[in-house]
Amino acid sequence: MEEIKKEFNNLEYYLSLKEKPSYDNLFNLAEFLDKKFKKEHYFDGATLILIKNFLKNVEEIKKYFSSPNPPESFLVYLKNLNNYKELINLIEEKISEDGEIRYESFPQLLELIFQIREVRNKIVNKLNKIIKEEKNILTIESYTLAGERYVLPIKINFVNKFPGIVHDYSESEKTAFCEPLEIIDDNNLLIKLTSLLTEEKKKILKELTQKILEKSKEIAQTVKTIAYLDALNAKAKFIEEYNCQKIEISQNAEFQIYSARHPLLLKLKGEVVPLSFQLPKDIKILLISGPNAGGKTVVLKTIGIISLLTQAGIFPPVGLNSKIPFFKKIYALIGDEQSLEKGLSSFHAHIKKIKTILANADEESLVLLDELGTDTSPEEGDALAMAILEELSKKNCFVFATTHSPRLKIFAHNSSKIMNAAMEYKEKPTYRLILGIPGDSSALEIAKAIGLEDKIIEKAKEYLTSDFLIIKTKLNEWERILKEYQEKIENLTVEEEKLKNLISQYEEKNKKLQKILKNHQKEFLKEKENFFIQARRELENLIKKIKEKEKNATKEAKEFIANNLFTIQEEKKFLFSSAEEEELKIGAKVYIEKLNQIGKIVEIKNNLLKVLTEKFIITVPKGEVKLLKENE
1 MEEIKKEFNN LEYYLSLKEK PSYDNLFNLA EFLDKKFKKE HYFDGATLIL
51 IKNFLKNVEE IKKYFSSPNP PESFLVYLKN LNNYKELINL IEEKISEDGE
101 IRYESFPQLL ELIFQIREVR NKIVNKLNKI IKEEKNILTI ESYTLAGERY
151 VLPIKINFVN KFPGIVHDYS ESEKTAFCEP LEIIDDNNLL IKLTSLLTEE
201 KKKILKELTQ KILEKSKEIA QTVKTIAYLD ALNAKAKFIE EYNCQKIEIS
251 QNAEFQIYSA RHPLLLKLKG EVVPLSFQLP KDIKILLISG PNAGGKTVVL
301 KTIGIISLLT QAGIFPPVGL NSKIPFFKKI YALIGDEQSL EKGLSSFHAH
351 IKKIKTILAN ADEESLVLLD ELGTDTSPEE GDALAMAILE ELSKKNCFVF
401 ATTHSPRLKI FAHNSSKIMN AAMEYKEKPT YRLILGIPGD SSALEIAKAI
451 GLEDKIIEKA KEYLTSDFLI IKTKLNEWER ILKEYQEKIE NLTVEEEKLK
501 NLISQYEEKN KKLQKILKNH QKEFLKEKEN FFIQARRELE NLIKKIKEKE
551 KNATKEAKEF IANNLFTIQE EKKFLFSSAE EEELKIGAKV YIEKLNQIGK
601 IVEIKNNLLK VLTEKFIITV PKGEVKLLKE NE
């Protein structure tokens, strides 16, 4: 499970990259490095260029992951993208892009090439001279090669007269390819120089090969990392193409899927009816029933592919908030298992696979069973199916099974560990999965819709047993009751949403009111502070005048202080006085101390006052107000 979580983290990081590297031109370099090299083995020039280009691509790929904060699980891989610049430069310095050795980088090679050119020119000049002088004995006026030696095409009847060595004959045996005696030494020298050149080239290629092999372990790690990144890139493309979402790995055996789509159906049809359901916590077995072609098997396959994709570390095509347990083992018994080659009937093959599942399934397993209990008599098939489901329930694994059997539906209804589910059918399949009720196979309705004659449909109804009709009536009643409950739940959900909206609106209004009250309180305190500052200034000015004026100014100052000191002290007490009972009357101005509000009394009732402030009418006890003294 931890590995899957790490893989999901790596995927999230990879998907967050604005640009992603290309892996199209890479190849499996490990195949070259896995070979057992002997001393005489080496990479040729073309292979060295392939390796060099691979390592250069690695350097380019590294640049895409230079963005900050990759998860720790991703850094582990990035550490394996080693630095190969020195090796790249070495190969580029000695090998050209077409895979040839750069002669200019090796003086000894240039010297050999110069000598070879000189000897070859010497040979050609001698041959051209012979051709000019002896053209009547030549089949063609040109020279050629026999192996590594220059020769002339001599007419067969002149061979014995020509001074030279015969190396070969034409197919018609009319021409002998002769090496003139005068160029034998030159040919020998040319072959020797060419051999020396070849050995020098091998030596250079072996040295480069050795440099690569010295880093073979590092390169092997890099190849594995590149393979991982390539796989991650493929996962990212899949996720983007099918609009996949990260699915939560539940640690509490929760199984809830929303808007799940099977990727193959999406590819074929473009749009599909999504699968959504949530299993109750105490349920691990879901028995799905419903009409043929109603989508039962598709549900199994969708659950299976979602689980497999999750197991492979790939976000599946599901909606948000989906979560499933982590399954170490997934078993699927879907489709006809008949084997003509092995001589097995469908039932035989079916039971063999069931046997394997029962032997290996555990609490970390997912089991998918299509048409459980079929391919034999209904009575025995149903009995086997019940026993199998009971045994799987004991193993505590998740099971999703499909059936048409009414007895199995009743069995599931009476079990506390198994839940029925139906594929919805409204005159035709809707492909919606509904939990809590069994589905009707609707065989007669489907047959009628396809066009089977009415008389056959009516005759079929006559053959239905009374037991079957009782069961079907009971199933229909369950379906009706469940639908009623579902409608009530939907209505309650709507009402709940309305209530949430009202609460949200109230909270928003309350925030605004608090803000208004706070602003008014700030304004009042600021006005009070300004008054004290102004009074202080006037006093300071007056004191200044006292010092400058005569005794009359002193008397004037004393009178001012006597007249205003009381007022200043009262303002420091919020400009208000305690209200007497008889002074509180309609129209009187009061100050509500707790709310820091000023207003007029508009109503008096017992011990309560209604006070009109600037924006509200507030009801407060008489003891919580102070009477505002009007300034004359």
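If you count by full-length UniProt numbering, then the sequence shown holds residues 1 to 632, one letter each, in order.
Just so you know, even glycine gets a beta-carbon here, dropped at the ideal spot from N, CA and C.
These figures come from a predicted structure and were not determined experimentally.
{"query": "Proximity to R261 [Cα-Cα], best of L300, E199, E254", "result": "L300"}
{"query": "Collapsed DSSP secondary structure at L112 in the structure displayed", "result": "helix"}
{"query": "Beta strand (DSSP E) segment containing Q251, residue limits", "result": "No beta strand (DSSP E) holds Q251; DSSP gives it neither H nor E."}
{"query": "Simplified DSSP state of I568, which is helix, strand or coil", "result": "Because the pLDDT at I568 is just 47, under 50, the model does not fix this residue reliably, and the value given afterwards should be weighed accordingly. In this structure, I568 counts as helix in the three-state DSSP scheme."}
{"query": "Element boundaries [beta strand (DSSP E), containing Y169]", "result": "164-169"}
{"query": "The region 45-65 contacting the region 216-235, beta-carbon criterion three pairs below 8 Å", "result": "yes"}
{"query": "Option in N188, H167, L127 with minimal Cα separation from residue 635", "result": "Shown here, the chain extends from 1 to 632; a query on residue 635 therefore has no answer."}
{"query": "Residue from I116, L75, S276 whose Cα sits closest to the Cα of L190", "result": "I116"}
{"query": "N-terminal and C-terminal residue of the beta strand (DSSP E) that L366 is part of", "result": "365-369"}
{"query": "Span of the alpha helix (DSSP H), counted from its first residue to its last, around E3", "result": "2-16"}
{"query": "Exposure label - F8; buried when at least 16 CB within 10 Å", "result": "buried"}
{"query": "S365 versus L392 - alpha carbon distance", "result": "10 Å"}
{"query": "Reference residue 641, options A234, L433, A236, E199, closest by Cα", "result": "This structure cannot settle anything about residue 641, because the visible part of the chain is limited to 1 through 632."}
{"query": "Cβ-Cβ distance between A146 and V159 below 9 Å", "result": "no"}
{"query": "Pairwise C-alpha distance: Q278 and I257", "result": "6 Å"}
{"query": "Proximal residues to N596 (C-beta, below 6 Å), its chain only, five neighbours per side dropped", "result": "Q521"}
{"query": "Contact the region 222-240 vs the region 25-34: 3+ CB pairs below 8 Å", "result": "yes"}
{"query": "Limits of the alpha helix (DSSP H) - the one that V620 falls within", "result": "Here V620 belongs to no alpha helix (DSSP H); instead the beta strand (DSSP E) covers 617-621."}
{"query": "Proximal residues to N607 (C-beta, below 7 Å), its chain only, five neighbours per side dropped", "result": "P621, K622"}
{"query": "Cut-off 7 Å between Cβ atoms - residues of its own chain near L15, not counting five sequence neighbours on either side", "result": "A236, I239"}
{"query": "Option in I324, T310, F347, V272 with minimal Cα separation from P280", "result": "I324"}
{"query": "Euclidean distance between Cα positions of Y42 and K132", "result": "46 Å"}
{"query": "Cβ-based burial, F400 [other Cβ within 10 Å; buried from 16]", "result": "buried"}
{"query": "Between the CA atoms of E508 and residue 646 - distance to the nearest angstrom", "result": "Shown here, the chain extends from 1 to 632; a query on residue 646 therefore has no answer."}
{"query": "Reference E2, options Q311, D24, A588, I604, closest by Cα", "result": "Q311"}
{"query": "A387 to K355 span [Cα, whole Å]", "result": "12 Å"}
{"query": "Exposure of P438, with buried meaning 16 or more beta-carbon neighbours within 10 Å", "result": "buried"}
{"query": "Distance between G313 and L408 (C-alpha atoms, nearest Å)", "result": "36 Å"}
{"query": "Segment contact, 8 Å Cβ cut-off, at least three pairs: the region 69-82 with the region 239-254", "result": "no"}
{"query": "Alpha carbon of A359 to alpha carbon of L333, nearest angstrom", "result": "15 Å"}
{"query": "Whole-angstrom distance between I249 and K5, CA atom to CA atom", "result": "8 Å"}
{"query": "Supposed close pair T297, T402 - CB separation, criterion 8 Å", "result": "7 Å"}
{"query": "Option in S195, K269, P21 with minimal Cα separation from A227", "result": "P21"}
{"query": "Segments of 4+ residues assigned as alpha helix (DSSP H) that fall wholly inside the region 254-341", "result": "263-269, 296-311"}
{"query": "Close Cβ partners of L308 (< 7 Å) along its chain, the five nearest in sequence each way excluded", "result": "I330"}
{"query": "Presumed contact (8 Å Cβ cut-off) between L287 and I418, rounded CB distance", "result": "6 Å"}
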